[in-house]
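Numbering (the numbering used here), first residue to last: 149 to 503.
Following: one structure in structure tokens, then a few remarks.
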Ligand code: KG4
Ligand code: ZN
């Protein structure tokens with residue numbers, strides 16, 4: 149795969165557009181096992197051949213992800229899922245040119261399953277492999293569509309992370325702010341649990357919110373300093389409300405919680421746009437699948453005259469395609485990762501190693 153940049157002048161600003169072009173027909177297998185989704189994606193340059201995701205239901209009754217269960221489920225599923233993805237893609241393992249896999253951040257036991265499997269494939273097939281940062285993977289879901297220009301801002305809102313990041317150039321990140329306590333998706337999951345929905349709660353809250361009445365409950369919009377986020381207070385406000393009002397309507401709680409959770413994201417991102425003057429905004433991570441969020445951010449983008457990019461729904465939540473694309477792009481610039489590379493529970497975007 150080869151990429152090239154094209155630059156344009158608009159209003160005195162040089163806009164650099166990255167194109168990923170179909171040149172040498174490189175097949176990349178992307179493997180994702182950082183949390184409770186086992187996912188395998190197959191990419192032929194920038195053409196998606198297969199995107200298979202297996203979501204683990206075993207955690208539902210525990211109201212959250214149980215790390216040991218997640219790892220055991222990945223072990224059971226990752227090999228058959230890879231076979232299925234190859235079948236869907238009409239390819240054999242021997243057709244794979246590059247193996248890309250998530251090394252972190254995430255649950256160590258879960259990550260080690262994917263990473264060990266990817267290393268074994270790389271050795272057995274004698275192919276290069278690239279170990280990828282999961283957060284960068286979410287960001288690369290934006291590059292599945294063309295037209296995104298550097299620099300751009302990204303709001304990453306998932307189950308484990310909520311951060312606003314300046315992407316200055318390819319592989320060059322500055323995290324401007326992150327949550328000081330719960331992540332946005334985590335707040336959706338915890339509120340869902342409080343009002344009796346299973347894990348993961350985000351889609352249940354979104355669905356219930358459609359029948360709820362806005363404005364009948366006054367949850368406070370969090371106001372942490374600068375470009376930081378905070379969801380612990382909002383979650384506690386929901387908990388106290390349910391205790392004080394045992395006859396609460398859960399659709400109303402869902403609608404009003406969701407509105408405030410999204411409003412908080414909007415307020416912080418608005419500040420980030422004003423302070424950086426960047427005109428491109430991407431939103432990624434599981435919470436970006438929320439249709440109300442997509443609608444509200446579209447409103448923000450029109451108000452502020454900026455370009456908004458959000459991946460297709462299936463590439464918002466964890467998937468193997470985003471990992472395949474990140475690995476393919478990193479491989480072009482940095483080559484293969486060392487086979488000694490390890491899994492990491494934490495790895496900020498500003499600190500991704502190039503080995
Ligand atoms: O990115 P992701 O699939 O995994 C992580 O990297 O964490 O995000 C999962 C999170 C969960 O907290 C889930 O409840 C939330 O994304 N989520 C949603 C929606 N779909 C998934 N939150 C709100 N609305 C949704 N439609
Ligand atoms: Zn994720």
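Virtual Cβ for every residue (Gly too), placed ideally from N, Cα, C.
- At least one heavy atom of the ligand KG4 falls within 8 Å of the beta-carbon of residue 435.
- For residue 241, the secondary structure class from DSSP, reduced to helix, strand or coil, is helix.
- Within its own chain, the residues whose Cβ lies closer than 8 Å to the Cβ of residue 452, once the five positions on either side in sequence are excluded, are 418 and 421, listed in chain order.
- Contact residues of the ligand ZN (beta-carbon closer than 5 Å to any heavy atom; chain order) are 306 and 466.
- With a beta-carbon spacing of about 5 Å, residue 301 and residue 429 fall inside the 8 Å limit used to define contacts.
- Under DSSP, residue 273 forms no beta bridge with any residue.
- Sequence-distant Cβ neighbours of residue 364 in its own chain, meaning closer than 6 Å and more than five residues away, are 400.
- Every beta strand (DSSP E) of 3 residues or more that sits fully in the stretch 246-292 is shown, in chain order, as 246-252 and 277-281.
- Judged by the Cβ position, residue 447 fails to qualify as a neighbour of the ligand KG4 at the 8 Å threshold, every heavy atom of the ligand being at least this far.
- Listed in chain order, the non-local C-beta contacts of residue 237 below 7 Å within the same chain comprise 190, 197 and 198, local neighbours out to five positions each way being set aside.
- Contact between residue 248 and residue 472 holds, with the beta-carbon distance rounding to 5 Å and staying under 8 Å.
- Contact between residue 325 and residue 336 is ruled out by a C-beta separation of about 20 Å, above the 8 Å threshold.
- Non-local C-beta neighbours of residue 496 in its own chain, meaning closer than 7 Å and more than five positions away in sequence, comprise 323, ordered along the chain.
- Assignment of beta-bridge partners to residue 233 by DSSP yields no partner.
- Annotated three-state conformation of residue 317 is strand, per DSSP.
- Membership of residue 179 in the beta strand (DSSP E) is indicated by the continuous run 175-180.
- Judged by the Cβ position, residue 202 fails to qualify as a neighbour of the ligand KG4 at the 8 Å threshold, every heavy atom of the ligand being at least this far.
- By alpha-carbon distance to residue 194, the top candidate from 376, 281, 175 and 211 is 175.
- Within 10 angstroms of the beta-carbon of residue 485 lie 16 or more other beta-carbons, which makes it buried.
- For residue 448, no beta strand (DSSP E) encloses it; the enclosing alpha helix (DSSP H) starts and ends at 439-452.
- Comparing C-alpha distances from residue 354 to each of 426, 229, 223 and 403 shows the shortest one belongs to 403.
- Boundaries of the alpha helix (DSSP H) harbouring residue 423: 398-424, taken from the DSSP string.
- Residue pairing from DSSP places residue 377 in a beta bridge opposite 327.
- Residue environment for residue 210: exposed (fewer than 16 other C-beta atoms within 10 angstroms of its C-beta).
- In the displayed model, residue 350 falls within a helix according to three-state DSSP.
- Your pair residue 261 and residue 223 checks out as a contact, with CB atoms roughly 5 Å apart and the cut at 8 Å.
- Two segments are said to touch when three or more pairs of C-beta atoms, one from each, lie closer than 8 Å; by this definition the stretch 381-395 does not touch the stretch 285-300.
- Annotated three-state conformation of residue 428 is strand, per DSSP.
- With a cutoff of 8 Å, residue 441 counts as near the ligand KG4, since its C-beta is closer than that to a heavy atom of the ligand.
- If you check the CB distance, residue 405 and residue 382 come in under 9 Å.
- Residue burial annotation: residue 478 is buried, with at least 16 other C-beta atoms found within 10 angstroms of its C-beta.
- Not one heavy atom of the ligand KG4 is found less than 8 Å from the C-beta of residue 359.
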